[in-house]
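> If you want this note's numbering, it's the position in the sequence shown, counting the first as 1, plus 22.
The beta-carbon is built from N, C-alpha and C at its ideal position, and this holds for glycine as well.
All of these numbers come straight from a predicted model, not from anything done at the bench.
First, the structure itself, so that you have it in front of you.
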Amino acid sequence: MLQIIKMAWRDLGRNRRRSFFSALALGLGVSLLLLMAAVVEDEIRTGMATSIRLQSGHLQVRASSYDEDKASLAWSDLLEDPGGIAARLAALPQVSAASPRLYASGILALGDSSISVRVMGVDPAAATSAPFRESVVSGAMVGPEDREGVVIGQGLATRYSLATGDRLTVMVNTSNGDVDQQAFIVRGIYSTKTPAFDDVTVLMPLAKAQAITGAGNRASLVLIMLKDRDQADAVAAAIQGSGIRTHTWQSLNRLLTDTESLAQGFMIFLYLIILGITATVVVNTLVMAVFERTREIGILSALGMRRRQVMALFFAESALLALGGIAIGVVLGVLFVALFSAVGVPVRPGLNGVLIGERLRATLTLRDTLTLSVLALIVTLISALYPARMAARMEPVEALRGGKQA
């Protein structure tokens, strides 16, 4: 076998330019696929991390009748004594933080303009609110006892030329079905670098949100952060009780998890198509080599080389070209990913409920690199079957005369 590999290496060296460009064509295909895989991986990974950090947490405890899509404020749909529930959950060894949140649909009124927003009542001092405190770019986070202040996203502030200290009116639905409104002062402006969140979310202290909506001492949910998110199912099963329902980060981000599964299947299909196209360059190189080396193949056959050894020779050439192309592709792919991540591509908010950042980045994983490399090798070897069989089927006498295959 070693002798076959040496012969294959020598044969590829006869026309180095053609061999190089064949490997380069495969390498370019691999590098572009690596970049595509890295962009998809980063978008899904970043979207999931952002969603967990800003809105879903690792677990949520809600009243069994609560419907997130309706953001119901009816007392029967809200958690009673959410502070006590959060305190008990925070005492669990697997839990790093837990705090109540109240969601309400609202309208932000600014003179003649108005915009639909989501009002989020949070505990400003809780660990679960750290992402909001850390993302304040102007002014300060509201305090737990603040009854007149709100914090708005940078997108809202920019669109309506708002600054800290400005006044605005917030109208919200209440628990009895009415609408209440109140003037607030902009205490701070935050930017999580996630337009889908920043542009529609107004933050206020939980106590004030409960007061303006008439929710009393109730909340939409208790958000839980775990020390290890892989323990979500076990913790959810342990705290499940009568009248409440627990939701894990997987179920809360079903759109993202489904998108990830769909994207992985689609990417494999796309890999095969593009690699199949680029592998034809390698096949063309081998077919040309067969015609150029017809007499040589005849001599080797006459000297006792069996057909399977002739096939092995061309498969070895195909494998060497594939390995060279894969090496080129990985190097170029790493460079493309690094450049793409450094520059980024601006994007607009996409699917509803999916929190994506302001720019597309790329994250190349070892899994994607190995998957693509193995696929490239397999596709190239399968593509080499035709020229290898063509060479193996040549009759020695006809080949020595420069004739065609039998």
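Would you give the residue range spanned by the beta strand (DSSP E) that residue 270 belongs to?
Translated into the one-based positions of the sequence shown, residue 270 becomes position 248. Taken as a continuous stretch (DSSP letters only), the beta strand (DSSP E) holding residue 270 covers 266–270.
> CA-CA distance, residue 109 and residue 77?
The residue given as residue 109 occupies position 87 in the sequence shown. The residue given as residue 77 occupies position 55 in the sequence shown. Approximately 19 Å, taken between the alpha carbons.
> Buried or exposed: residue 431, going by 16 or more other Cβ atoms within 10 Å of its Cβ?
Residue 431 is absent from the structure shown; the chain starts at 23 and stops at 428.
> For residue 42, which of 404, 90, 351, 386 has the nearest alpha-carbon?
The residue labelled residue 42 in the question sits at position 20 within the sequence shown. Checked all of 404, 90, 351, 386; the closest Cα to residue 42 is 351.
> Which whole-angstrom value describes the C-beta separation of residue 101 and residue 267, a residue pair presumed to lie in contact below a C-beta threshold of 8 Å?
For the purposes of this step, residue 101 is identified with residue 79 of the sequence shown, where counting begins at 1. For the purposes of this step, residue 267 is identified with residue 245 of the sequence shown, where counting begins at 1. No, residue 101 and residue 267 are not in contact; Cβ-Cβ is about 10 Å, not under 8 Å.
> Between the beta-carbon of residue 224 and the beta-carbon of residue 144, is there less than 8 Å?
In the sequence shown, counting from the first residue as 1, residue 224 sits at position 202. In the sequence shown, counting from the first residue as 1, residue 144 sits at position 122. Not a contact, by the Cβ cut-off of 8 Å.
> Name the one or two DSSP bridge partners that residue 195 has.
For this step, residue 195 is matched to residue 173 along the sequence shown. Residue 195 pairs with 201.
> Residue 202 and residue 208 - do their beta-carbons sit closer together than 8 Å?
Here the question's residue 208 lines up with position 186 in the sequence shown. Here the question's residue 202 lines up with position 180 in the sequence shown. No, the pair does not count as a contact, with Cβ atoms beyond the cut-off.
> If you measure from the beta carbon of residue 81 to each beta carbon in chain B, is any gap under 8 Å?
Given the protein chain composition of this structure (a single chain), no chain B is represented.
> Closer than 8 Å is the cut-off here; do at least three beta carbon pairs connect the segment 132–142 with the segment 252–264?
Counting Cβ pairs under 8 Å, fewer than three are found: no touch.
> Which runs of the beta strand (DSSP E) spanning at least 3 residues fall entirely within the segment 221–284, listed in chain order?
DSSP runs (the beta strand (DSSP E)) wholly in the segment 221–284: 223–227, 243–248, 266–270.
> Extract the residue ranges of the alpha helix (DSSP H) inside the segment 84–125, only unbroken runs of 4 or more that lie entirely within it.
Within the segment 84–125, the complete alpha helix (DSSP H) runs of at least 4 residues are 104–112.
> On a Cα-Cα basis, can you pick out the residue from 58, 72, 83, 50 that is closest to residue 246?
By one-based count along the sequence shown, residue 246 stands at place 224. The candidate whose alpha carbon is nearest that of residue 246 is 83.
> Using three-state DSSP, classify residue 155 as helix, strand or coil.
Here the question's residue 155 lines up with position 133 in the sequence shown. Here residue 155 sits in helix by DSSP.
> Would the beta-carbon of residue 367 fall within 8 Å of that of residue 381?
Looking up residue 367 in the sequence shown gives position 345. Looking up residue 381 in the sequence shown gives position 359. For residue 367 and residue 381, yes; Cβs fall inside 8 Å.
> Should residue 56 be labelled buried (16 or more other beta-carbon atoms within 10 Å of its own) or exposed?
Along the sequence shown, read from residue 1 onward, the residue named residue 56 stands at position 34. Looking at its Cβ environment, which holds 16 or more other Cβ atoms inside 10 Å, residue 56 is buried.
> Would you call residue 210 buried or exposed, if buried means 16 or more other Cβ atoms sit within 10 Å of its Cβ?
Numbered from its first residue, the sequence shown carries residue 210 at position 188. Under this definition residue 210 is a buried residue.
> Quick one, which of 124, 107, 192, 149 has its alpha-carbon nearest residue 130's?
Locating residue 130 in the sequence shown gives position 108, counting from the first residue. When each option's Cα is compared against that of residue 130, the closest is 192.
> If you compare alpha carbons, which of 52, 158, 199, 204 is closest to residue 185?
Position 163 of the sequence shown, counted from the start, is the residue given in the question as residue 185. Measuring from the Cα of residue 185, the nearest candidate turns out to be 158.
> Using a Cβ-Cβ cut-off of 7 Å (strictly less than) and excluding sequence neighbours within five positions of residue 231, which residues of its own chain qualify?
For the purposes of this step, residue 231 is identified with residue 209 of the sequence shown, where counting begins at 1. Taken in chain order, the residues that qualify are 124, 126, 141, 143.
> Would you give the residue range spanned by the alpha helix (DSSP H) that residue 356 belongs to?
To locate residue 356, count along the sequence shown from 1; it is residue 334. Counting along the chain, the alpha helix (DSSP H) containing residue 356 begins and ends at 329–365.
> Mapping DSSP to helix, strand and coil, what is residue 398?
Mapped onto the sequence shown, residue 398 falls at position 376. Correct three-state label for residue 398: helix.
> Taking the alpha helix (DSSP H) that residue 66 belongs to, which residues open and close that run?
In the sequence shown, counting from the first residue as 1, residue 66 sits at position 44. Segment 38–73, the alpha helix (DSSP H) holding residue 66.
> What is the DSSP secondary structure of residue 169, reduced to helix, strand or coil?
For the purposes of this step, residue 169 is taken as the residue at position 147 of the sequence shown. Residue 169 falls in the coil class under three-state DSSP.
> Using DSSP's beta-bridge definition, name the partner residues of residue 301.
As a position in the sequence shown, residue 301 is number 279, starting the count at 1. Beta-bridge pairing links residue 301 to no other residue.
> With a 10 Å radius around its C-beta and 16 neighbouring C-beta atoms as the bar for buried, classify residue 177 as buried or exposed.
In the sequence shown, counting from the first residue as 1, residue 177 sits at position 155. It counts as buried.
> Residues in its own chain within less than 7 Å of residue 153 by CB, not counting five upstream and five downstream?
Within the sequence shown, numbered from 1, the residue matching residue 153 stands at position 131. Cβ within range, chain order: 75, 76, 214.
> Name the one or two DSSP bridge partners that residue 138 has.
In the sequence shown, residue 138 corresponds to position 116, counting from 1. Answer is 129.
> For residue 301 and residue 404, what's the separation of their Cα atoms in angstroms?
Taking the sequence shown and counting its residues from 1, one reaches residue 301 at position 279. Taking the sequence shown and counting its residues from 1, one reaches residue 404 at position 382. Going from the Cα of residue 301 to the Cα of residue 404 covers about 9 Å.
> Grab me the residues of residue 272's own chain with a C-beta within less than 8 Å of its C-beta, minus the 5 sequence neighbours each way, in chain order.
Here residue 272 is taken as the residue at index 250 of the sequence shown, counted from 1. Excluding positions up to five away in sequence, the list reads 254, 279.
> Who are residue 189's beta bridge partners in DSSP?
Here residue 189 corresponds to residue number 167 of the sequence shown, with the count starting at 1. Answer is 207.
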